[in-house]
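Protein chains: 4
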Amino acid sequence: MSAQPRTARGEKTRRRLLEAAEHVFSKHGYHEASVSRITDHAGVGQGTFYLYFDTKLDLFDELVEDLNHRVRQAMSEGTRGASSRIEAERAGFAAFFRFTAEHPALYRVVREAELVSPEALRMHYTRIVEGYIDGLREASADGEIGDIDPTVAAWALMGIGEMIGMRWVLWGDGDAAPGNDADPTASGTREVPPHVLDEMMRFISGALGRPELVRDRRESAGEKEES
Amino acid sequence: MSAQPRTARGEKTRRRLLEAAEHVFSKHGYHEASVSRITDHAGVGQGTFYLYFDTKLDLFDELVEDLNHRVRQAMSEGTRGASSRIEAERAGFAAFFRFTAEHPALYRVVREAELVSPEALRMHYTRIVEGYIDGLREASADGEIGDIDPTVAAWALMGIGEMIGMRWVLWGDGDAAPGNDADPTASGTREVPPHVLDEMMRFISGALGRPELVRDRRESAGEKEES
Amino acid sequence: MSAQPRTARGEKTRRRLLEAAEHVFSKHGYHEASVSRITDHAGVGQGTFYLYFDTKLDLFDELVEDLNHRVRQAMSEGTRGASSRIEAERAGFAAFFRFTAEHPALYRVVREAELVSPEALRMHYTRIVEGYIDGLREASADGEIGDIDPTVAAWALMGIGEMIGMRWVLWGDGDAAPGNDADPTASGTREVPPHVLDEMMRFISGALGRPELVRDRRESAGEKEES
Amino acid sequence: MSAQPRTARGEKTRRRLLEAAEHVFSKHGYHEASVSRITDHAGVGQGTFYLYFDTKLDLFDELVEDLNHRVRQAMSEGTRGASSRIEAERAGFAAFFRFTAEHPALYRVVREAELVSPEALRMHYTRIVEGYIDGLREASADGEIGDIDPTVAAWALMGIGEMIGMRWVLWGDGDAAPGNDADPTASGTREVPPHVLDEMMRFISGALGRPELVRDRRESAGEKEES
DNA sequence: AATGAATGAGTGTTCATTCAT
DNA sequence: TATGAATGAACACTCATTCAT
Numbered sequence: 001m002s003a004q005p006r007t008a009r010g011e012k013t014r015r016r017l018l019e020a021a022e023h024v025f026s027k028h029g030y031h032e033a034s035v036s037r038i039t040d041h042a043g044v045g046q047g048t049f050y051l052y053f054d055t056k057l058d059l060f061d062e063l064v065e066d067l068n069h070r071v072r073q074a075m076s077e078g079t080r081g082a083s084s085r086i087e088a089e090r091a092g093f094a095a096f097f098r099f100t101a102e103h104p105a106l107y108r109v110v111r112e113a114e115l116v117s118p119e120a121l122r123m124h125y126t127r128i129v130e131g132y133i134d135g136l137r138e139a140s141a142d143g144e145i146g147d148i149d150p151t152v153a154a155w156a157l158m159g160i161g162e163m164i165g166m167r168w169v170l171w172g173d174g175d176a177a178p179g180n181d182a183d184p185t186a187s188g189t190r191e192v193p194p195h196v197l198d199e200m201m202r203f204i205s206g207a208l209g210r211p212e213l214v215r216d217r218r219e220s221a222g223e224k225e226e227s
Numbered sequence: 228m229s230a231q232p233r234t235a236r237g238e239k240t241r242r243r244l245l246e247a248a249e250h251v252f253s254k255h256g257y258h259e260a261s262v263s264r265i266t267d268h269a270g271v272g273q274g275t276f277y278l279y280f281d282t283k284l285d286l287f288d289e290l291v292e293d294l295n296h297r298v299r300q301a302m303s304e305g306t307r308g309a310s311s312r313i314e315a316e317r318a319g320f321a322a323f324f325r326f327t328a329e330h331p332a333l334y335r336v337v338r339e340a341e342l343v344s345p346e347a348l349r350m351h352y353t354r355i356v357e358g359y360i361d362g363l364r365e366a367s368a369d370g371e372i373g374d375i376d377p378t379v380a381a382w383a384l385m386g387i388g389e390m391i392g393m394r395w396v397l398w399g400d401g402d403a404a405p406g407n408d409a410d411p412t413a414s415g416t417r418e419v420p421p422h423v424l425d426e427m428m429r430f431i432s433g434a435l436g437r438p439e440l441v442r443d444r445r446e447s448a449g450e451k452e453e454s
Numbered sequence: 455m456s457a458q459p460r461t462a463r464g465e466k467t468r469r470r471l472l473e474a475a476e477h478v479f480s481k482h483g484y485h486e487a488s489v490s491r492i493t494d495h496a497g498v499g500q501g502t503f504y505l506y507f508d509t510k511l512d513l514f515d516e517l518v519e520d521l522n523h524r525v526r527q528a529m530s531e532g533t534r535g536a537s538s539r540i541e542a543e544r545a546g547f548a549a550f551f552r553f554t555a556e557h558p559a560l561y562r563v564v565r566e567a568e569l570v571s572p573e574a575l576r577m578h579y580t581r582i583v584e585g586y587i588d589g590l591r592e593a594s595a596d597g598e599i600g601d602i603d604p605t606v607a608a609w610a611l612m613g614i615g616e617m618i619g620m621r622w623v624l625w626g627d628g629d630a631a632p633g634n635d636a637d638p639t640a641s642g643t644r645e646v647p648p649h650v651l652d653e654m655m656r657f658i659s660g661a662l663g664r665p666e667l668v669r670d671r672r673e674s675a676g677e678k679e680e681s
Numbered sequence: 682m683s684a685q686p687r688t689a690r691g692e693k694t695r696r697r698l699l700e701a702a703e704h705v706f707s708k709h710g711y712h713e714a715s716v717s718r719i720t721d722h723a724g725v726g727q728g729t730f731y732l733y734f735d736t737k738l739d740l741f742d743e744l745v746e747d748l749n750h751r752v753r754q755a756m757s758e759g760t761r762g763a764s765s766r767i768e769a770e771r772a773g774f775a776a777f778f779r780f781t782a783e784h785p786a787l788y789r790v791v792r793e794a795e796l797v798s799p800e801a802l803r804m805h806y807t808r809i810v811e812g813y814i815d816g817l818r819e820a821s822a823d824g825e826i827g828d829i830d831p832t833v834a835a836w837a838l839m840g841i842g843e844m845i846g847m848r849w850v851l852w853g854d855g856d857a858a859p860g861n862d863a864d865p866t867a868s869g870t871r872e873v874p875p876h877v878l879d880e881m882m883r884f885i886s887g888a889l890g891r892p893e894l895v896r897d898r899r900e901s902a903g904e905k906e907e908s
């Protein structure tokens, strides 16, 4: 594993490297993000990198893990205080999208991980999914949702979140002219439009076996628009 | 675009390169798949590559496009003859998973595309999604499904398919020891277990607003198991 | 040596290649002028090149020789009918500059020849210089010029012509913004400004030992300007 | 510009590369002088090159500039203490020829520059010419030479020096068998024979409008020989 | 703890040339 | 006569990593 700093100064340097890495990875991806670019961005010498990380891949794995902690925390904070499973789901997705918008690295780094560090990627998804599964199981026990297989449902939810996030957060609302090579991060600040979130939640509510919730909201909402 | 061969011999060589590329890209990803590895695999000289493709990226784009045509064809063939939207959906997913199992390149190449050729990736997803949208709109007009926003639903379906495919087709059934760097293609021959497909379809049926179908099937199925 | 065409059609193809070569060499220099660029420009297949020339260098040598014939012819035509050596000299230089303006290849190709085909370059200069020497010797015998060593004088004249040509024909009049990478040929259409030619001839007249000619012209001209 | 070394060790390495480059460029010209040949000659790894120079062209430009400084310094040192303009001119040319003999790179590199880095070449000639112009203007003000246009005269002098240098320094005295591809540097150790320098100076003296100086020397010299 | 110098294997790409048709 | 396909050596350049200071 990578060496742990023994002093406060070292601790600071290590953190600087991690932050620089998130920035550089999220902008350029794993392969284009050279160690020297990272150290330049962190303002340290090139050799310093190897004081704290064994290899570039090492840093990558750590970054994925770190991001994983952070999304999950953001999501669980987002869902705290939700009065129903569906509400919790919605809050969780909203938190996920917000996090994605603020840290596009999540997307770019994680997607590339499939080919760079498959293990890290599986761990990442599995951990998030486990959170879903727990929630779904509880909700099922409480009769809040139908008796769908929580594992399959959890992976499906994971996929929905990832794809909707990519489509609306990462790419923007689709009218934006694509091909903005200049700064791929630029589009990362978008939000998922409210009606997309609404429709997505109706989709999920139905999926989880409480169509009445869906119908309720639909009736109260009155109108609905097309995307 | 890339130069077209003017003779039958050239045509054959070009196809050999494309096939080699699919193999090498799917095994190593874009960055590790060097041009020389591709030409070696195709059994041609390195210079020959540039007779048919301007750059490595050029070939990549063409490959993504080619795969896109092929999945979509596989899916539309799979759905031909389905008697309802839900049945069509199921057949489409089954075809998609089968294709993925046989061409793991789809996954690996496409996921990496986000960082290599974003435009190609957007095109890829967008085209598949458009097919979904059309189907959903028709089904909605026929009263077969609820009035969910077809665009949002389509992207959600795309996400579900991708994630379930990654989880069960690419990774295998989860008990398999991971970390098999030696030949990541190996796990690509798995199938999505039937009950996973069943649960996934129940999830989707509910989502699309015809819970009665769900209930029906559930009752007729009698038992249900956990993943 | 390079093969000679046996038919009229072959003769035409060969000439097309030579013309394309002059164009491409003069625009890009020897190294950047690939055989394929030449054949493309000539509108023939790549293999056709080797029907008429053994190597790229072969073509280069032939081109230098061809250009040499053409400049010398242009110069001797230019001097025909001159009533004095000095007048002949002036007419010769004017013809040389005109030729250079119309065929920038002369400059670019010949200068690069030093490193590509030294023999061709020596031959080129030597032949032109020999023409000068003959003329100077005659003029000296006629008492038209002083008794300067004709060989040294001839090389000096060669140098003057080349440098003035580069400075005023190739580069333009010096006020032109440099760095015109776009089309280096563009500047090749300039002329040597008349007063530069005048001053150059006064310089040469003095050098050749007939200062009275210089004085005469200077007096009749009255004014003189600075460059 | 290219990165500057931050330590003494780096400084030494950079200088080694510059020296190797002069050697290799002067022997093979820009195109044949591969980076690996240069680094081999310098005894450093190939990657080291890019620590100090951004590109091969970068190094080339720097080398041209460096050579330019050095010739001009050699020339101005050579002319120091000359008692007349004509004497200064002679000393300057002698210094120029000596430098050329010792650093054939001047010739080969500079001539190729026309096609490799036109800007560098123009700068090179222009700077030398500016030195000439200053000297000529002074001499003209002192009545030492006629009132020839100094700019035109300066370029003419530049051309004479370059051509005579090529003919007698680079090629040797003309009897030497040409075509010595093996080591083109070999011929670079020649000197301009004294009588060639004499005749060249008579040519120039006449050109600059002080024919009496010419006559004087001619009379005192008595005889003259052919080259 | 920190660094800049150094490296060499590796990359994508070009090109003069050969050859079967 | 003419061609386009094929080649492999060569090139400029990058980069993760090591090491002396």
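Protein chains in written order, with our numbering: chain A, 1 to 227; chain B, 228 to 454; chain C, 455 to 681; chain D, 682 to 908.
Think of the CB as a built atom: it goes at the ideal place given N, C-alpha and C, for glycine as much as any other residue.
Here DSSP, grouped into helix, strand and coil, assigns I372/B to coil. Against chain B, a Cβ distance below 7 Å from M75/A picks out nothing, because the smallest value is about 16 Å. With contacts defined as CB atoms closer than 9 Å, R111/A and L342/B qualify as a contacting pair. Within the region 754 to 787 of chain D, not one residue has a Cβ closer than 7 Å to any Cβ of chain C. Collapsing the DSSP output to three states places R15/A in a helix. When C-beta distances to chain A are compared with 7 Å, the residues of the region 243 to 264 of chain B below that value are G256, H258, in chain order. Contact check for L740/D against G691/D fails: the beta carbons are separated by 9 Å or more. Chain C places a beta carbon closer than 9 Å to that of D830/D, counting this residue as a contact. If you check the CB distance, S263/B and V336/B do not come in under 9 Å.
When the beta-carbon positions are compared, G585/C and R526/C come within less than 9 Å of each other. Secondary structure at H557/C: coil, using DSSP grouped into helix, strand and coil. Closest in alpha carbon position to G135/A, among R122/A, G165/A, S76/A, S34/A, is S76/A. Nearest CB-CB separation between R656/C and chain D: below the 9 Å threshold. Between A20/A and A42/A, the beta carbon gap of about 4 Å places them in contact (Cβ cut-off 8 Å). Note on geometry: alpha-carbon atoms of A113/A and A207/A lie some 29 Å from one another. Here the alpha carbons of N522/C and E249/B stand approximately 55 Å from one another. Residue-level contact check: Y806/D touches chain C, since one or more beta carbons of chain C fall below 9 Å from its beta carbon.
Per the Cβ contact rule, the region 647 to 663 of chain C is in contact with the region 587 to 601 of chain C (3 or more Cβ pairs under 8 Å).
In this structure, the beta-carbon distance from G81/A to F96/A does not fall below 9 Å. Of the candidates Y125/A, E191/A, E138/A, F53/A, Y125/A places its Cα closest to the Cα of G159/A. In the DSSP assignment, F503/C falls within the unbroken alpha helix (DSSP H) covering 503 to 506. Residue environment for S488/C: exposed (fewer than 16 other C-beta atoms within 10 angstroms of its C-beta). Look at the region 376 to 391 of chain B: the residues with a C-beta under 8 Å from a C-beta of chain A are D376, P377, T378, V379, A380, W382, A383, M385, G386, I387, G388, E389, M390, I391. One alpha carbon belongs to A381/B, the other to I204/A, and they sit about 13 Å apart.
A888/D belongs to the set of residues whose beta carbon lies under 9 Å from a beta carbon in chain C. Within the same chain, and ignoring the five residues on either side of L611/C in sequence, the residues whose Cβ sits closer than 6 Å to its Cβ are Y586. Put simply, the CB of E112/A is near chain B, with a gap under 9 Å to one of its CB atoms. Our two residues, Y257/B and D288/B, have alpha carbons roughly 11 Å apart in a direct line.
The beta carbons of R656/C and W622/C sit about 16 Å from each other, so the pair does not count as a contact at 8 Å.
Collapsing the DSSP output to three states places D627/C in coil. Contact annotation: A548/C and V646/C have beta-carbon atoms nearer than 9 Å. A230/B is not a Cβ neighbour of R312/B, given a cutoff of 9 Å. Rounded to whole angstroms, the separation of the alpha carbons of V251/B and Q727/D is 30 Å.
Counting along the chain, Q300/B sits inside the alpha helix (DSSP H) bounded by residues 283 to 306. Short of 8 Å from the beta carbon of L244/B, and not among the five residues preceding or following it, lie these beta carbons of its own chain, in chain order: I265, T266, A269, V271, T275, F276, Y279, F280, L286.
In the DSSP annotation of this structure, W622/C is not part of any alpha helix (DSSP H), being labelled neither H nor E.
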